[in-house]
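A.B. asks: Quick note: the numbering used here has the sequence shown finishing at residue 673, numbered continuously throughout.
This structure is in structure tokens; I'll ask about it shortly.
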Amino acid sequence: MLQIRPATIHDAALLRTMIRELAEFERQLELVTIREEDLARDGFGENPRFRALIAEWEGHPAGYAVFFGYYSTWAGRGLFLEDLFVREAFRKRGIGTALLAAVARIAVDEHCYGIHWEVLDWNEKAIELYTKMGATFRDQWRPVLLIDDALRRLAEKAV
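Spelled out as structure tokens, the structure:
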């Protein structure tokens with residue numbers, strides 16, 4: 515059956531593999547540059563930057579969730595769900611819902627006001643699932659990303 519457990523440093527290679535599977539599903543595999551050692555350092559080192567849960571179905575790795583804390587000046591503590599992924603062979607078993615419920619339990623236990631995440635506009639199954647859960651879509655907000663040369667150019671202007 516299903517077991518959800520916190521990821522450990524020994525899961526860094528597995529996380530990288532599933533991150534690549536998610537990126538392939540999202541048609542953006544070429545953008546994945548994360549290395550196993552980055553995940554080990556950033557998730558399980560002295561100052562963890564993220565937390566992860568691993569879902570196992572009958573002992574087989576079936577999916578994962580990666581999340582981290584953030585702070586809203588309007589509402590206080592929150593969690594940002596970076597990734598929620600269930601491998602294709604394990605879908606339609608409630609694993610995604612169980613992973614999200616586990617993150618929700620952590621948010622409630624840690625007195626967070628909510629969980630924030632993004633979904634691709636073409637991922638209709640996920641949108642339907644999130645709608646059924648009662649999630650609110652913030653269509654008036656536009657995601658912003660500053661990377662590569664633009665990031666470096668702006669950083670050079672820092673006083």
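Note that beta-carbon positions come from the ideal geometry of N, C-alpha and C, so glycine has one too.
Predicted model, so just to flag it, every value in this text is computed and none were measured.
Is it true that the CB of G583 sits closer than 7 angstroms to the CB of R627?
C.D. replies: Looking at the sequence itself, residue 627 is Tyr, so the reference to Arg does not match. For the pair Y627 and G583, the CB atoms are not nearer than the 7 angstroms cut-off.
A.B. asks: Helix, strand or coil, according to DSSP, for I629 in the structure here?
C.D. replies: strand
A.B. asks: Mind reading off the beta-carbon distance from L598 to G610? Whole number of angstroms is fine, and I expect it under 8 angstroms.
C.D. replies: Between the beta-carbon of L598 and that of G610 there is about 6 angstroms, and that keeps the pair under the 8 angstroms contact cut.
A.B. asks: Would you kindly work out how many angstroms separate the C-alpha atoms of M647 and A612, rounded to a whole number?
C.D. replies: 12 angstroms
A.B. asks: Compute the beta-carbon to beta-carbon distance between A569 and G577, rounded to the nearest angstrom, for a pair I have assumed lies under 8 angstroms.
C.D. replies: 4 angstroms
A.B. asks: Return helix, strand or coil for D635, following the three-state DSSP convention.
C.D. replies: coil
A.B. asks: Under a three-way DSSP split, which group does V673 fall into?
C.D. replies: coil
A.B. asks: Is the beta carbon of A537 closer than 7 angstroms to that of L674?
C.D. replies: Residue 674 lies beyond the residue range present for the chain, which begins at 515 and ends at 673; the question has no answer from this structure.
A.B. asks: Going by other Cβ atoms of all chains shown within 10 Å of its Cβ, with 16 needed for buried, is G559 buried or exposed?
C.D. replies: exposed
A.B. asks: Curious, which full-length beta strand (DSSP E) runs of at least 3 residues does the region 526 to 568 contain?
C.D. replies: none
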